[in-house]
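Peer 1: Next up is a structure, given as structure tokens.
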DNA sequence: TTTTTTTATTGAGCCTGTCTCAATAATGAG
DNA sequence: CTCATTATTGAGACAGGCTCAATAAAAAAA
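Residue numbers (this note's numbering), protein chains in the order written: chain A, 107 to 340; chain E, 107 to 340.
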């Protein structure tokens with residue numbers, strides 16, 4: 107038989123570029139298949155190298171995963187930081203964080219599934235790196251919450267860390283459900299619903315809380331005016 | 107050398123019992139090591155059988171996982187149902203669900219980590235079973251929410267499904283974080299904080315919101331009426 | 001009791017996938 | 001052009017999931 111037409115020639119490339127190529131390939135393969143199902147051999151093939159080469163750049167399959175996640179998180183963090191710089195007011199800032207997070211999930215479903223599913227399991231020692239990235243990212247929202255409590259926009263008895271968990275946990279759950287059921291993800295609508303529930307709470311308010319209270323005040327003011335005008339008449 | 111002292115004799119046991127033993131062993135091993143790290147051989151050893159036997163009872167390692175989760179979920183569901191039967195009022199019922207869920211997580215951390223981490227990843231076809239269990243379980247809270255909207259205890263514009271995600275997602279996130287940081291889990295305190303934030307919302311309320319204001323308005327209105335009637339007397 | 005049938009249980013071994021390492025050849029320096 | 005450096009390779013060690021023909025314990029039949 108003739109030699110295979112697609113024979114790969116051995117070429118040397120600058121370390122940085124080859125590493126980037128492998129990382130890019132890993133990102134794709136992991137996102138498509140998940141961590142467990144992905145084979146390092148396939149990552150290698152897609153990067154145009156042989157399996158051994160991958161291990162010359164990354165210590166293990168898991169190290170490759172962490173590198174992929176790190177890259178993703180760094181992007182997410184800097185985007186969110188930039189965004190927060192342009193939005194004013196605690197409520198608006200929270201709505202922005204929720205909306206942006208949801209948009210990102212919708213756009214990069216594969217990667218996000220990876221993070222939700224694969225990052226968490228191994229409480230194994232080495233995931234310090236991932237925990238730290240997560241802390242940095244969710245720390246952005248945490249600071250908005252703390253600031254809100256300080257400046258009086260948020261309830262003074264609020265526990266910011268618990269609220270942050272409610273926020274991110276809620277998003278993840280909602281997204282995951284929509285992934286499972288296969289329903290298309292309506293990021294904008296979902297963001298609004300989540301924000302409304304979180305910000306305003308879910309309990310029905312006593313009627314006086316919204317407009318009714320104003321109405322009562324209005325009635326009082328009118329009554330008093332009536333009194334005043336009468337008394338002034340005398 | 108002498109024959110090993112711990113040589114196992116081949117014994118036949120009733121199907122149901124052997125299956126239960128294997129399941130029990132799997133539950134322990136999975137909970138201790140997580141799915142990926144656990145070896146079927148170890149499950150077998152702990153159940154006092156050989157690897158092949160495990161496969162005579164369960165089709166695959168994953169089927170074993172699903173069986174373990176099924177058993178756990180069934181217990182959780184029936185406990186929660188029983189509990190809900192004894193608690194009245196939407197707010198109390200929600201607080202109960204949150205509290206009970208947190209208690210269970212605290213008590214069975216290993217298994218819960220398994221569910222959070224291993225169940226979710228594989229959107230792979232066969233997890234219908236798990237999805238269904240999850241639906242049944244979280245359906246309990248969903249029904250409480252829907253009922254609350256109907257009877258006026260909860261905001262009429264609430265989206266029950268989104269609220270359910272906020273509820274369970276928030277719990278999971280909070281627990282997971284405490285697992286990671288190694289902090290002991292204060293189920294009671296955390297349950298209260300989560301319930302408060304979810305029920306009441308996080309925004310600061312105008313002072314009029316809590317009953318005191320209503321009472322004040324009422325007193326004012328009465329006083330003015332008294333005044334008015336007096337003046338009418340003249 | 002003895003013989004036969006049934007089937008739970010075994011363990012050797014196949015297969016896929018991660019990871020290692022000595023050999024190889026592409027590149028840059030002298 | 002030659003040599004030294006080191007990126008790249010590919011064969012294979014090792015681990016873990018899973019299969020299957022052989023085996024023997026229990027039940028049924030004689």
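From the three backbone atoms N, C-alpha and C, an ideal C-beta is built for every residue, glycine too.
Quick one, which of E:172, E:121 and E:162 has its alpha-carbon nearest residue 234 (chain E)'s?
Peer 2: Nearest of E:172, E:121 and E:162 to residue 234 (chain E), Cα basis: E:172.
Peer 1: Since residue 214 (chain A) is in the alpha helix (DSSP H), which residue starts that stretch and which ends it?
Peer 2: Residue 214 (chain A) -> no alpha helix (DSSP H), and no H or E assigned at all.
Peer 1: Can you pull the chain A residues whose beta carbon is under 7 angstroms from the beta carbon of residue 206 (chain E), in chain order?
Peer 2: Simply none; closest approach about 17 angstroms.
Peer 1: Alpha carbon to alpha carbon, how far is residue 138 (chain E) from residue 217 (chain E)?
Peer 2: 8 angstroms
Peer 1: Take residue 208 (chain E) as the anchor and find which of E:305, E:306, E:301 and E:307 has the nearest alpha-carbon.
Peer 2: E:301
Peer 1: Counting only C-beta atoms, is residue 280 (chain E) closer than 7 angstroms to chain A at any point?
Peer 2: yes
Peer 1: Alpha carbon to alpha carbon, how far is residue 231 (chain A) from residue 152 (chain E)?
Peer 2: Residue placement at residue 231 (chain A) is poorly supported in this model, since its pLDDT is 47, which falls under 50; the coordinates are not used for a value here.
Peer 1: For residue 150 (chain A), which of A:140, A:142 and A:162 has the nearest alpha-carbon?
Peer 2: Here the closest residue by C-alpha is A:162.
Peer 1: So that I know if they touch, is there some Cβ in chain E lying closer than 7 angstroms to that of residue 161 (chain A)?
Peer 2: Among the residues facing chain E, residue 161 (chain A) is not included, as its CB has no counterpart in that chain under 7 angstroms away.
Peer 1: Let's test the definition: count the other Cβ atoms within 10 Å of the Cβ of residue 266 (chain A) and tell me whether it reaches 16, buried, or not, exposed.
Peer 2: buried
Peer 1: In chain order, what residues of the same chain have a beta carbon less than 6 angstroms from the beta carbon of residue 168 (chain A), not counting five sequence neighbours either side?
Peer 2: none
Peer 1: Closer than 8 angstroms by C-beta to residue 261 (chain A): which residues in its own chain qualify, once you throw out the five before and the five after it? Chain order, please.
Peer 2: 255
Peer 1: What would DSSP say about residue 126 (chain A), mapped onto helix, strand or coil?
Peer 2: helix
Peer 1: What residue does the alpha helix (DSSP H) around residue 278 (chain E) start on, and which one ends it?
Peer 2: 266 to 287
Peer 1: Does the contact criterion of 3 or more C-beta pairs under 8 angstroms hold for the region 264 to 280 of chain A versus the region 236 to 256 of chain A?
Peer 2: yes
Peer 1: Once DSSP output is grouped into helix, strand and coil, what is the label at residue 196 (chain E)?
Peer 2: helix
Peer 1: How many Å lie between residue 133 (chain E) and residue 159 (chain E) at the Cα?
Peer 2: 17 angstroms
Peer 1: Only counting the same chain, and skipping five residues up and downstream in sequence, which positions put a Cβ closer than 8 angstroms to that of residue 174 (chain A)?
Peer 2: 129, 132, 133, 136, 217 and 220
Peer 1: Determine the direct distance from the alpha carbon of residue 288 (chain A) to that of residue 143 (chain A), and round the result to whole angstroms.
Peer 2: 20 angstroms
Peer 1: Are the CB atoms of residue 195 (chain A) and residue 206 (chain A) nearer to each other than 7 angstroms?
Peer 2: no
Peer 1: Please classify residue 174 (chain A): does DSSP put it in a helix, a strand, or coil?
Peer 2: helix
Peer 1: What did DSSP end up calling residue 142 (chain E) once you bin it into helix, strand or coil?
Peer 2: Looking at residue 142 (chain E) - three-state DSSP - the assignment turns out to be coil, as it is neither helix nor strand.
Peer 1: Can you tell me the Cβ-Cβ gap for residue 182 (chain E) and residue 243 (chain E), rounded? I've got them flagged as a contact below 8 angstroms.
Peer 2: 6 angstroms
Peer 1: So the candidates are E:279, E:204, E:127 and E:187; which of them puts its Cα closest to the Cα of residue 170 (chain E)?
Peer 2: E:127
Peer 1: Under a Cβ-count criterion, where at least 16 other Cβ atoms within 10 Å of its own Cβ denotes burial, should residue 166 (chain E) be classed as buried or exposed?
Peer 2: So residue 166 (chain E) ends up on the exposed side.
Peer 1: I'd like to know whether the C-beta atoms of residue 281 (chain A) and residue 202 (chain A) end up nearer to each other than 7 angstroms.
Peer 2: no
Peer 1: Which residues of chain E have a Cβ atom closer than 8 angstroms to the Cβ of residue 265 (chain A), listed in chain order?
Peer 2: 299 and 303
Peer 1: Which bits of chain E does residue 216 (chain A) rub up against, with CB to CB less than 9 angstroms?
Peer 2: By Cβ distance, chain E contributes nothing, its closest Cβ being about 10 angstroms from residue 216 (chain A), past 9 angstroms.
Peer 1: Counting only Cβ pairs nearer than 7 angstroms, list the residues of chain E close to residue 274 (chain A).
Peer 2: 279
Peer 1: Label residue 121 (chain A) either buried or exposed according to how many other C-beta atoms from any shown protein chain fall within 10 Å of its C-beta, with 16 as the threshold for buried.
Peer 2: A residue is called buried once 16 or more other Cβ atoms fall within 10 Å of its Cβ, and residue 121 (chain A), having fewer, is exposed.
Peer 1: Give the residues of chain A in contact with residue 170 (chain E), contact being defined as C-beta atoms less than 7 angstroms apart.
Peer 2: Within chain A, no residue comes near residue 170 (chain E); the closest Cβ sits about 16 angstroms away, beyond 7 angstroms.
Peer 1: Any beta carbon of chain A sitting closer than 7 angstroms to that of residue 286 (chain E)?
Peer 2: yes
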